[in-house]
Amino acid sequence: MSQREWIEKDFYKELGVSSGASQDEIKKAYRKLARDLHPDANPGDTKAEERFKTVSEAHAVLSDPAKRKEYDETRKLFAGGGYPRGGFTPGAGGGFSQDFNIGDIFGTANAGDGGLGDLLGGLFNRGGTRTTSRPRRGADVETETTLGFREAAQGVTVPLRMTSPSPCTTCHGSGAKPGTSPRVCPHCNGTGVISRNQGAFGFSEPCDDCRGTGSIIDDPCVDCHGSGIQNRTRTITVRIPPGVSDGQRIRLAGQGEAGLRGAPSGDLFVSVHVSQDKVFGRNGDDLTLVLPVSYSELVLGTTVSVPTLEGRVGVKVPPGTADGRILRVRGRGVPKRGGGAGDLLVTVKVAVPQKLDDNAAEALRRYAEAEKASGFDPRAGWAGA
Ligand SMILES: [Zn+2]
Ligand SMILES: [Zn+2]
Numbered sequence: 001m002s003q004r005e006w007i008e009k010d011f012y013k014e015l016g017v018s019s020g021a022s023q024d025e026i027k028k029a030y031r032k033l034a035r036d037l038h039p040d041a042n043p044g045d046t047k048a049e050e051r052f053k054t055v056s057e058a059h060a061v062l063s064d065p066a067k068r069k070e071y072d073e074t075r076k077l078f079a080g081g082g083y084p085r086g087g088f089t090p091g092a093g094g095g096f097s098q099d100f101n102i103g104d105i106f107g108t109a110n111a112g113d114g115g116l117g118d119l120l121g122g123l124f125n126r127g128g129t130r131t132t133s134r135p136r137r138g139a140d141v142e143t144e145t146t147l148g149f150r151e152a153a154q155g156v157t158v159p160l161r162m163t164s165p166s167p168c169t170t171c172h173g174s175g176a177k178p179g180t181s182p183r184v185c186p187h188c189n190g191t192g193v194i195s196r197n198q199g200a201f202g203f204s205e206p207c208d209d210c211r212g213t214g215s216i217i218d219d220p221c222v223d224c225h226g227s228g229i230q231n232r233t234r235t236i237t238v239r240i241p242p243g244v245s246d247g248q249r250i251r252l253a254g255q256g257e258a259g260l261r262g263a264p265s266g267d268l269f270v271s272v273h274v275s276q277d278k279v280f281g282r283n284g285d286d287l288t289l290v291l292p293v294s295y296s297e298l299v300l301g302t303t304v305s306v307p308t309l310e311g312r313v314g315v316k317v318p319p320g321t322a323d324g325r326i327l328r329v330r331g332r333g334v335p336k337r338g339g340g341a342g343d344l345l346v347t348v349k350v351a352v353p354q355k356l357d358d359n360a361a362e363a364l365r366r367y368a369e370a371e372k373a374s375g376f377d378p379r380a381g382w383a384g385a
C-alpha cells in the first residue's frame, strides 16, 4: 500500500472507531466486521468483498502500534494542505535524519508564507529528481589529435594543449583566500543538503546557505572568486599506445576537468585521427603494401627489399607468381596491444612500361614469338566461348 493511500484513507472510519481508540477496541471492531464481511458469509457479494479488504488493510496498520503512529503522523502532516500532485517521492529512508519535528518546517525562514500547500509543492514538485550536491566530480573533457600513420601504428607520446577549468593555483581549489580556509556550513553541517524525514517520508533539498557545497567561504580567493576553479591552458603529455586506428577514442582517467573543491576529476577522451601513408595501408593489425613488379620479375621470380615500420625486409617473389597475389610476411605488421604484431601483406602489382627503347622493344617482340611458339595461350580457358 502506498503512502498516498494512507493519506486518502481513514482507517478509523473504516473500522468504525475513534482516532483515540485503544488497541483492544480496534481488535474488537475488526473481529466483528471481519465476521460480517467475510466472503464465505457473503458469496458473490463484491461490495462486501471490497469492504472486507479495506477493513483488513485498516486493521493491519492500526493493530501495529509502530505503523499506527506513523499513519497518524503522516495524516497529521497532510491534514490541511491536501495531497500534492505529481513529483511525489515516497520516503527513501536511509541517510536521512530520523528526528522530525513539524516545527522545523514551519519554523524555517525559507518556508515562506504561502501556507502548507505551497510548502509541500516546493518540497515535492521536483519531477522526482533528487538533487545531489556533493561530491561534484569534474566534467569529462573531449579533445582530438592527428597522428602520422607510423606514429599511430607504433605508438607515440604527444603533447596535448588544452584549455579547461582546473583547480585554482592561488587557493589550491579551496576557493578561500590564501591564509584562510572555508568553514563547515553550520546550517547543513557540511552535508550540503537539508534533509527531513517524517515517518515513511524522506526528502532533501540543497542547502541554501552554502548552495549545496557544504562549506562557507568568508574570504573568497580573489583569483577564482571563491569557485576554486580557474580556466587554465595546460599541456599534458599523452602516451598513445601502438596500434590505434583512425577514429578511435582513448580514455585517460582523471585527466579531465577538476572536481569542485577536492572532488575527483573527470576523464579526458582523445579522439585520434590517423593520416594516410604513401606506402602503407592497414587492415586491423595487418600492414598492407602494394609492391610494383615487372612482368619478368613475376615470371622469373626475384627477391625485393620492401619497407616495414622498422627497417626493410626481403620479400621473395617465387617464379610464376600471378599478378595481384598477396605475399604474407609474418610478424612485420602493426604491434598488437597484448604483444606481438600483425603481418605485412604484400600485394604484387605488375607495372607496365609506357615506353620502351628500341633495344627492349625488339627483345620483347622476339620474346612474344617465342612465347607463342612455346604454346602459351593466356586465353586458353576461353576455348569455345
Ligand atoms: Zn582561488
Ligand atoms: Zn549548508
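Going by the UniProt record's numbering, the first residue of the sequence shown is number 1, and it counts up by one from there.
Cβ coordinates follow ideal geometry from the N, Cα and C atoms, glycine included.
| said: For ligand 2, is there any heavy atom lying closer than 7 angstroms to the beta carbon of Asp209? | reply: yes
| query | Around the C-beta of Arg211, are 16 or more other C-beta atoms found within 10 angstroms, so that it is buried, or is it exposed? | reply | exposed
| Between Gly192 and ligand 2, is the CB less than 7 angstroms from at least one heavy atom? | yes
| task | Could you tell me which residues DSSP puts in a beta bridge with Gly202? | result | Asn197
| field | Glu144 - partner residues in DSSP beta bridges | value | Ser271
| query | Closest to Glu297 by CA distance: which of Arg325, Val317, Thr143 and Gly259 is it? | reply | Val317
| said: Considering only their Cβ atoms, is the gap separating Leu147 from Ile236 smaller than 8 angstroms? | reply: no
| query | Which residues mark the beginning and the end of the beta strand (DSSP E) in which Ser22 is found? | reply | First-last for Ser22: undefined, no H or E at that position.
| field | Reference Ile326, options Gly311, Leu291 and Gly342, closest by Cα | value | Leu291
| For Ser18, which residues from the same chain have a beta carbon less than 7 angstroms from its beta carbon, with the 5 sequence-adjacent residues on both sides left out? | Tyr12
| field | Three CB pairs or more closer than 8 angstroms across the region 177-195 and the region 217-227 | value | yes
| said: Within a Cβ cutoff of 7 angstroms, which residues of the same chain sit near Trp382, ignoring the five residues on either side of it in sequence? | reply: none
| Distance, Cα to Cα, Met162 vs Val270? | 11 angstroms
| In or out: Phe376 buried (at least 16 other Cβ within 10 Å) or exposed? | exposed
| request: Since I believe Gly284 is in contact with Gly342 (beta carbons under 8 angstroms), could you give me their beta-carbon distance rounded to a whole number of angstroms? | output: 7 angstroms
| request: Return the chain-ordered list of same chain residues with a C-beta closer than 7 angstroms to the C-beta of Arg234, the five sequence neighbours on each side being excluded. | output: Met162 and Ser166
| Of the residues Val293, Ala263, Ile240 and Glu362, the one placed nearest Val272, counting alpha carbons only | Ile240
| request: Could you pull out every unbroken beta strand (DSSP E) segment of at least 3 residues lying fully inside the region 204-240, listed in chain order? | output: 229-240
| said: For Pro378 and Ala368, I'd like the C-alpha separation in whole angstroms. | reply: 12 angstroms
| Beta-ladder partner(s) of Pro307, from DSSP | Arg312
| task | Spell out whether any CB of chain B is found under 8 angstroms from the CB atom of Leu62. | result | This model lacks chain B altogether, as it is built from one protein chain only.
| Can you name, in chain order, every residue of its own chain whose Cβ lies under 8 angstroms from the Cβ of Arg328, other than the five neighbours on each side? | Asp343, Leu344, Leu345 and Val346
| query | Which value, in whole angstroms, describes the spacing of the CA atoms of Cys221 and Ser195? | reply | 30 angstroms
| field | Neighbourhood of Glu144 by C-beta, 6 angstroms cutoff - its chain only, sequence neighbours within 5 removed | value | Ser271
| field | Ala253 and Asp267 closer than 8 angstroms at C-beta | value | yes
| task | With a cut-off of 7 angstroms, give the chain-ordered residues whose Cβ is closer than this to any heavy atom of ligand 1. | result | Cys168, Thr170, Cys171, Gly175, Cys221, Asp223, Cys224, Gly228 and Gln230
| Can you find a heavy atom of ligand 2 that lies under 7 angstroms from the Cβ of His38? | no
| task | Give me whichever residues DSSP pairs with Phe376 in a beta bridge. | result | Answer is none; Phe376 lacks a bridge partner.
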